[in-house]
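Going by UniProt numbering, the sequence shown opens with residue 1, and the numbers climb by one from there.
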Amino acid sequence: MAATKPIIKKGIFALVLVVIAVSFYYLTIWVTPYYVQNKFASKSADYVNTPRFGNQPNAENSRVIPLPNPDFLYSTINYDLKENVLKISGIVPDSTYWSISAYQENTTNYFVENEEKVKAKFEYYLAPEGSTSEALKNIPKEKIIYSPTTKGLILFRYLVSKAYPVQKLSELQHGVTVEKLVK
1 MAATKPIIKK GIFALVLVVI AVSFYYLTIW VTPYYVQNKF ASKSADYVNT
51 PRFGNQPNAE NSRVIPLPNP DFLYSTINYD LKENVLKISG IVPDSTYWSI
101 SAYQENTTNY FVENEEKVKA KFEYYLAPEG STSEALKNIP KEKIIYSPTT
151 KGLILFRYLV SKAYPVQKLS ELQHGVTVEK LVK
């Protein structure tokens, strides 16, 4: 009987250790995306609901966007939908890759479109999920992006190619507009 007490103590210790490790693992997985998004949002606090345009990544500015691909130009819109529905529009290049992606506050991607589906021009309306805004009344459903959270990020990618060198893509990139519509 006396010999089983150390085994029971070691078993309880191992069980407690496993519970702590698993709890820490899941807590980290849940907290880290919010931390990353909040860190990015705090750097973009002065640019809420307005586009920001990144230069082509190179050795000097490669940390402007985490792990950027030097073949792309990036644009972002750090959004807050508490008071507005956003109308986002611009021009899609016709012979190179282009995409728009939407991320909720915990960095979960909930919307993606690219040049395969969107031709020439794009126009989307970004609204909180369940919105009954009058601004959306006559808008086709395929043009509305419903965000699961009121805060998040829109990311645009433009592939630099022979058909679209950096200067030409930069003009398209800077043509993206965001209009705040009253809820």
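Built from N, CA and C at the ideal position, the CB exists for glycine as well.
Check                                                                                               : Outcome
The segment 168-179 touching the segment 130-141, judged by at least three CB pairs closer than 8 Å : no
Bridge partner(s) assigned by DSSP for Ala102                                                       : Phe111, Ile154
Residue interval of the alpha helix (DSSP H) (run including Val166)                                 : 166-173
Gln104 to Lys39 span [Cα, whole Å]                                                                  : 14 Å
Under the three-state DSSP convention, the category Gly11 falls into                                : helix
Given 8 Å, three or more beta-carbon pairs between the segment 136-146 and the segment 68-77        : no
Residue burial classification, Trp30 (beta-carbon count within 10 angstroms, cutoff 16)             : exposed
Per DSSP, the bridge partner or partners of Ile128                                                  : For clarity, residue 128 is Pro in the given sequence; the question names Ile instead. For Pro128, which the question treats as bridged, DSSP gives the partners Ser147.
Cβ neighbour criterion (16 or more within 10 Å) applied to Ile8                                     : exposed
Same chain, Cβ closer than 7 Å to Gly152, neighbours up to 5 away in sequence not counted           : Tyr79, Ala102, Tyr103, Gln104, Glu105
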